[in-house]
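When you read off a place in the sequence shown, starting at 1, and then add 134, the result is the number in our numbering.
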Amino acid sequence: MKKYILFGGCLLLLAYITSCDDGRIYEKTETLSEEGRTLRMSGRISGINKWPDGYSVVVAGFSDESEYAVVTKTIPAVENDEIQVTMTGVSDKVTTIELCVINRLRKRVISFRSMDDLTAVDDTILMDVGTVDAGMYHGIQEKVFNTTCAHCHGGGSSAAGNLYLTEGKSYEALVNHPSKKVDGMLLVKPGSAQESVLHTLLNTTISSTWGYDHSKEILSSPILTLIDDWINNGAQE
């Protein structure tokens with residue numbers, strides 16, 4: 135009988151001990167779910183395989199407060215065929231969905247298509263991006279040269295320094311083309327940004343004595359890095 139009483143007492147003591155707070159604070163484990171809306175994107179997207187390591191062509195959701203993606207889905211590198219991509223977990227904080235390029239930090243570098251009408255039918259958002267050239271050089275042409283450089287270099291009736299940076303002319307004018315200002319150097323030397331006049335123009339004040347300081351044109355660090363990475367990875371068209 136004493137054995138049964140002793141055993142029962144041990145059980146009660148064990149139950150009491152395990153029910154008490156031991157005073158320590160344990161790390162809270164948060165379970166991430168795929169709650170939210172679903173995006174279904176379709177389109178013909180080329181040039182994805184022209185991007186080097188460190189960049190990803192994605193469909194991504196962004197909030198108004200940040201250039202860092204809230205949610206992303208990598209686009210497969212399929213040429214000449216329609217691509218269909220499904221991205222889940224589009225939360226309410228997402229206000230814009232973009233077909234874009236992000237870096238390793240998930241920061242937006244270049245955006246090709248953007249949609250802010252996120253009306254969902256049965257919690258599904260549809261996005262048709264059409265036909266998109268998402269190649270690295272085309273992105274630089276469209277988002278850098280066309281918007282920043284072409285107004286002086288070929289956008290009007292003439293081009294400063296006879297250097298045309300308009301679409302269809304810029305690649306031939308830059309890559310392996312000798313500089314008229316810096317003897318013995320190429321405007322763009324594939325494989326070496328440091329030996330390319332384009333890099334020097336954008337990152338130093340070398341051109342301030344030529345009549346215009348080009349280092350004031352592009353102040354975005356991700357874009358300057360993008361141009362260097364394009365050159366260092368072979369300056370493909």
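Think of the CB as a built atom: it goes at the ideal place given N, C-alpha and C, for glycine as much as any other residue.
* Would you check whether the ligand MG has a heavy atom nearer than 7 Å to the C-beta of Val331? => As for the ligand MG, it is missing from this structure, which has no ligand bound.
* Leaving out five residues on either side along the sequence, give the residues of the same chain with a beta carbon under 7 Å from the beta carbon of Leu297. => Taken in chain order, the residues that qualify are His287 and Ala307.
* Asked: Can you tell me whether Glu232 is buried or exposed, with buried defined as 16 or more other CB within 10 angstroms of its CB?
  -> Around the beta carbon of Glu232, 16 or more other beta carbons lie within 10 angstroms, which makes this residue buried.
* Asked: Around the C-beta of Lys162, are 16 or more other C-beta atoms found within 10 angstroms, so that it is buried, or is it exposed?
  -> Its pLDDT being 30, under 50, Lys162 is placed unreliably in this model, and the value from its coordinates should be taken loosely. Under this definition Lys162 is an exposed residue.
* **Where Thr334 falls: helix, strand or coil (DSSP)** => The three-state secondary structure of Thr334, taken from DSSP, is helix.
* Asked: Which word fits Ser354, buried or exposed, when buried means at least 16 other C-beta atoms lie within 10 angstroms of its C-beta?
  -> If you draw a 10 Å sphere on the C-beta of Ser354, you find fewer than 16 other C-beta atoms in it, and that means exposed.
* Asked: Since Ile259 contacts Val224 with CB under 8 Å, what's their CB separation in whole angstroms?
  -> Right, the Cβ-Cβ distance comes to about 7 Å (below 8 Å), so this counts as a contact.
* Counting along the chain, where does the beta strand (DSSP E) carrying Tyr305 start and finish? -> Per DSSP, Tyr305 lies in no beta strand (DSSP E) segment; the continuous alpha helix (DSSP H) that holds it begins and ends at Ser304 to Leu308.
* Limits of the unbroken beta strand (DSSP E) element including Ile259 -> Segment Thr258 to Asp267, the beta strand (DSSP E) holding Ile259.
* Give, in chain order, every unbroken run of the alpha helix (DSSP H) that is at least 4 residues long and sits entirely within the region 166 to 229. => Counting only runs of 4+ residues, no alpha helix (DSSP H) is found wholly inside the region 166 to 229.
* Tell me whether Pro356 sits in a helix, a strand or coil according to DSSP, three-state version. => Residue state, collapsed to three classes: helix.
* Taking 8 Å as the threshold, find out whether the region 250 to 269 comes into contact with the region 169 to 182 through three or more Cβ pairs. => Verdict: yes, contact present.
* Met270 (DSSP reduced to helix, strand or coil) -> In the structure shown, Met270 sits in a helix (DSSP, three-state: H, G or I).
* Asked: What are the partner residues of Glu444, as DSSP defines its beta bridges?
  -> Outside the displayed range of the chain (135 to 371) lies residue 444, so it cannot be described from this structure.
* Given that a residue counts as buried once 16 or more other Cβ atoms are within 10 Å of its Cβ, and exposed if not, what is Ser341? -> Ser341 should be labelled buried.
* Asked: Does the beta-carbon distance from Leu336 to Ser349 come in below 8 Å?
  -> The beta carbons of Leu336 and Ser349 sit closer together than 8 Å.
* Please determine, among Pro210, Ile209, Ala211 and Val192, the residue with the shortest C-alpha to C-alpha distance to Tyr202. => Selected option, being the one with the closest Cα: Val192.
* Asked: With burial defined as no fewer than 16 other Cβ atoms inside 10 Å of the residue's Cβ, what is the status of His333: buried or exposed?
  -> With a threshold of 16 other beta carbon atoms within 10 Å, His333 meets it and is buried.
* Asked: Since Ile244 and Val235 are thought to touch, with beta carbons under 8 Å apart, how far apart are those beta carbons, to the nearest angstrom?
  -> Yes, Ile244 and Val235 are in contact; Cβ-Cβ is about 5 Å, under 8 Å.
* Residue nearest to Lys227 in terms of C-alpha spacing, selected from Pro210, Asp215, Asp347 and Glu169 -> The option with the nearest alpha carbon to Lys227 is Glu169.
* Asked: Can you tell me the Cα-Cα spacing of Gly289 and Gln275, whole angstroms?
  -> Approximately 13 Å between the Cα atoms of the pair.
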